[in-house]
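Here the structure comes first, spelled out in structure tokens, and everything after it is commentary.
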Amino acid sequence: MAKEVILETKGIKKSFLVGKGHEVVVLDDINLKVYSGEFISILGQSGAGKSTLLRIMAGLVEPSEGEVLYKGVPLKKANAKIAVVFQSFALFPWYTVLENVKIVLAGEGLDEKEIHEKAIKAIDLVGLDGFEDAYPRELSGGMRQRVGIARALVVEPELLLMDEPFSALDVLTADNLRGDIIDLWKEGKMPAKAIVLVTHNIEEAVSMASKAVILSHNPGKIKAEIPIELPYPRDRNSRDFKFMLDKIYTVLVKPTEEVPFLLTAGRYQFLPHAKVGAIAGLIELVHDKGGKIDIYALSSELSMEVDDIFPLIEASVILDFGEIKEGDFILTEKGKKWAEADTLEKKEIFKEEALQNVQLIKQIVQVLSTISKHRVSEEFFIDILKNHFTPEESWNQLETAIDWGRYAELFAYDYDSGELYLEELVRTD
Amino acid sequence: MKLPISMPLETFRIRSIDFAVLIFIIGILSLIIYIASEWGAPYERTLEIDLNPAKIPEYSAQSLVRIFLAYMLSLVFSIWYGYTASRSKFHEKIMIPLLDILQSIPVLSFLPAVVLAMISLFPGKRIGLEIACVLLIFTGQVWNMTFSFYHSINTIPKEMREVAKLFKFNKFSKFLRLDLPFSAIGLIWNSMMSVAGGWFFLMACEMFVLEDKDFRLPGLGSYIQTASNKGNIEYVLYGLGTMIFLIILLDILIWRPLIAWSQKFRLDTVPPEEERESFVLNILTGSSLLQIFSRVVSSFINKIENLSYESFQIYGKSFINKLSKIIGLALVLTLLSAVVWAILKASSILSSITLNDIFKILTASLYSFLRTSVAILIALAWTLPAGVYIGLNPRAAKFLQGIVQIAASVPATAVFPVILLFLIKLGGGLDIGAIFLMLLGTQWYLLFNIIAGASAIPKDLIEISRAYKIKGLKKWRALILPGIFPYLITGLITASGGAWNATIVSEYVSFGGQMMQTKGLGALISSSSAEGNFALLLLSTCMMSIIVVSINRLVWKRLFILAKTKYTLE
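Set out below in structure tokens:
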């Protein structure tokens, strides 16, 4: 079954005029689809225009450019089927809980009895039965936000928008309320078909949402959409949870152009510190020995420590020249071919394998070919690598990649300026 | 924290308080009907104010009805003006400065125009003069209420406004559910001040001379004035006593309950240190009759609300928008043509102005400027230490604030005759005496604001200054003056405007059957109004308005911005 698109933003741009005609772009080119069944969390640093985006989705604020489609129809102003839960709760302090929920039904053309029943049902749903006649100021912050949620749900919205609904609450209360919302959502008691939650709290997003949409700032653009496919209830101490947390955090704080690097699934590939010459020596030796050798025999053969040979073996495995089986190092067909090839052929084969199997080299070539002057400082890559390795290890990684890349003539390295550059354009795909 | 008192219908029982409420309502209704019937009577030019103290209750009732009607008018006007002004940037740009100017025009300058217009509308009938009197009191009450309402609806938190937008409240619902409750507290405080102002102007509006015609309406204001004209201090004190009694009574019966009740419209969610209590409100909430009444009213309002949504659907939004636009346009056009007519008329009036008149106005302005400045300096000299003392000592505040409130509620105009008697005995004349009379009216604004400012200085700052032994002058310079600065400026703005407005009643006083006046802009306005010299009245009124508005713009607004940006304690 194809999922229904509840709300879609098309090329949304929002800018404000500041002072004398100076234009500040808050949101730029926002294209987002909210499908039914989705719980989207919009994340971004403060000032990224998250709340503005939410208000545009609610029809409260008009975009400067682009349009919002609600079920395929342009949304011009607030729609009764899109409800908002506000950060400050925005309850009317002069009305009781029940009255606060009832007043939003005033224009629906229902009779008094229906309004009353619907309001009571919504209040029960958020667990406030017994507090119908209390005034907001008699309630704790968490209970007040429950009223805010009941008020939003009573109109039976198709889409529920939440603008940092927990940030005014203390940690425990917020946790409790988050849990209750997830329960309602998972048990299908929520009338809304989709939820959009704006937050700056990554843990909140990872513990609740099925997808994180991350905004950059100045201007706010969609940096990445990351699906969060963890089973509910989500265990905050699990490895997967922590991994997702790290990933989103990194995407959030890093510049947009680095994001493609960060989104590679799993851990970042570790390059063993092995020079191309040493790898070639190993492969040729094994080839001479019939293409198969016991790793311990190999260490005595080369009179080297196992620890020193390991990087060479690992590098060969990464490059798909060999594999390890039951303590034996066995050359692959490619490995044999490489051992037999002449110098030029060797380079050609190595280039192919490196591009295919070595993540860092692939990405370096990608960056160099997309940047117009095809020249990037090594610091740029070090910064990215530092997200995955210690600073020292980052330098080792880059050093290895440079050695391999230069050998394969994929890119060159200018020692004086510390820059990597392309001698000629390489097709990466 | 007190839970709201609510009582199920089953426990309905008639209590003695219900009888009291019933009798009270019937009494008020019959009083209004009786007085209204009086107003239809033909007007006698030679109406004599009977000084017999037995007449005081009747006179007081009439004055109360006038103040009440003027107040209702002010309320409706404030809400209309506030709404219209906040409708668009364009409206705001015109209407808010206009309000600033209107506020600076002294009530007495409106007097001849309003009175003559009303008398010609209802020739020979007392109602013309009554309406004129109510309108004049209205011009003294309305401006601060309008500012308050306008300010309130513009400070409604964004998210609350979004709730109204999101859940598609119509205009009526938004007004009823959001705007009115949100502005209630400010509106009630300002209503209290406005009604107090009503007493102030009662003296001038119930009895005045216009082109050697003597206009009088029976009322408490005219009673006091007649008594003082006859130099009868005993009767003056009777009248004054009644007025103070009424002011205290209104405070207990109306303002305190209202303020206590209005606490439910507070936006902050933290309970205040001190619950505002009103025993009258506590008694009233126990009345079953009032509960039924409030239930009937609220269901009636709900009906209207439903109806408003239905009519919205029947006639469509565009129709209602069009209708309100047409009405608005008609109003604006009428107003514009009135302004054009007034300008044409004014220019023909002004043709009789001589260079001598202009010179007179300029020197008078200078005198009044000096007088108001001295009055404010004197006021500052005593209110600053006193206000800071009261504000910083909660125990003193509890005791002194009550006394100060009663003292402040007595309208300065009513005390004038008594003060004048002393001044004349002391010698020095009205030249200096006027300063004291101004002081009476304006010092309270300063005092209240300084008390509020001093009590708002954060406790930890006071403790720090104690810990570091910051004392004496240094404490004033480092802590107290910066702390109260925004409040001080607010007080000074009101006091300065008030002092200028008070020049009219303090530089030109009738006492013991004779007029006393001194050189000054206020005296010029009062005397030209009495003599029917409209050219001089118009020109001196414009002068005063220009002076007040430019002092506000050039001095106070700038200081206020400084106060808001630099000296705000968050």
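So the protein sequences, as listed, match chains A and B. Numbering of the first sequence is given in this note's numbering, commencing with residue 872 and proceeding in unit increments. Numbering of the second sequence is given in this note's numbering, commencing with residue 2 and proceeding in unit increments. All C-beta atoms in this analysis are idealised placements derived from N, C-alpha and C, irrespective of residue type, glycine included. No experiment lies behind these values; they were computed from the predicted model shown.
Cβ proximity to chain A below 7 Å picks out Pro158, Glu160, Met161, Glu163, Val164, Lys166, Leu167 and Phe168 from the region 141-168 of chain B. Among the residues of chain A, those whose CB is under 9 Å from the CB of Ser174(B) are Ile974, Ala977 and Gly978, following chain order. DSSP places Gln515(B) in the strand class (E or B) of the three-state scheme.
Going by DSSP, Thr243(B) is part of the alpha helix (DSSP H) stretching over Ile234 to Leu251. For His893(A), the enclosing beta strand (DSSP E) has its first and last residue at His893 to Tyr906. Between Ser541(B) and Leu112(B), the C-beta gap is not smaller than 7 Å, which leaves the two residues out of contact.
Taken in chain order, the members of the region 900-931 of chain A whose beta-carbon sits within less than 7 Å of a beta-carbon on chain B are Ala929 and Leu931. Listed in chain order, the non-local C-beta contacts of Leu381(B) below 7 Å within the same chain comprise Leu447, local neighbours out to five positions each way being set aside. As the crow flies, the alpha-carbon of Leu330(B) is around 27 Å from that of Arg178(B). Leu74(B) is the residue among Met516(B), Glu212(B), Leu74(B) and Ser279(B) whose C-alpha sits nearest the C-alpha of Val135(B).
When 8 Å is used as the limit between beta carbons, Phe266(B) is near these residues of chain A: Pro964 and Trp965, in chain order.
Gln226(B) sits buried, since 16 or more C-beta atoms from the chains shown fall within 10 Å of its C-beta.
Between Val389(B) and Ile260(B), the gap from beta carbon to beta carbon reaches 7 Å or more. Put simply, the backbone Cα of Pro219(B) is about 13 Å away from that of Asn53(B). With the rule of 3 Cβ pairs closer than 8 Å, the region 964-976 of chain A counts as touching the region 1009-1019 of chain A.
When C-alpha distances from Thr355(B) are compared across Thr156(B), Phe561(B), Ala536(B) and Val77(B), the shortest belongs to Ala536(B). Excluding sequence positions up to five before and after Asp900(A), its CB lies within less than 7 Å of the CB of Gly882, Lys884 and Lys1092, all in the same chain and listed in chain order. Excluding the 5 residues flanking it on each side, Gly83(B) has same chain C-beta neighbours closer than 7 Å at Thr147, Phe150, Tyr151 and Ile154, in chain order. Contiguous alpha helix (DSSP H) elements confined to the region 994-1056 of chain A occur at 1012-1024, taking only those with 4 or more residues.
For Phe209(B), the enclosing beta strand (DSSP E) has its first and last residue at Met208 to Leu211.
Taking a beta-carbon distance threshold of 7 Å, Arg88(B) does not count as an interface residue toward chain A. By the neighbour-count criterion, in which a residue is buried when 16 or more other Cβ atoms sit within 10 angstroms of its Cβ, Lys1196(A) is exposed. Between Pro107(B) and Asn502(B), the alpha-carbon positions lie close to 6 Å from each other. For the pair Leu940(A) and Glu875(A), the CB atoms are not nearer than the 7 Å cut-off. Counting other Cβ atoms within 10 Å of its Cβ, His1158(A) reaches 16 or more and is therefore classed as buried. In this structure, Ile877(A) places its C-beta atom within 7 Å of the C-beta atom of Ala1065(A). Nothing from the region 1260-1279 of chain A brings a Cβ to less than 7 Å from some Cβ of chain B. The Cβ-Cβ distance between Leu1032(A) and Leu925(A) falls below 7 Å. Positions of the beta strand (DSSP E) runs, each at least 3 residues long and wholly inside the region 441-522 of chain B, are given as 509-512 and 515-518 in order along the chain. Chain A has no Cβ within less than 7 Å of the Cβ of Tyr446(B). For the region 1240-1254 of chain A, the set of positions with a beta-carbon nearer than 8 Å to some beta-carbon of chain B is empty.
In the displayed model, Ala1083(A) falls within a strand according to three-state DSSP.
Taking Ser527(B) as the centre and dropping the five residues before and after it, the same chain places the C-beta of Leu109, Ile505, Val506, Glu508, Tyr509 and Gln518 closer than 8 Å to its C-beta, in chain order. Contact of Val1084(A) with chain B is not assigned, every C-beta pair being separated by 7 Å or more. In this structure, the beta-carbon distance from Gly1019(A) to Val956(A) falls below 7 Å. Contact of Glu306(B) with chain A by beta-carbon distance below 8 Å involves Ala977.
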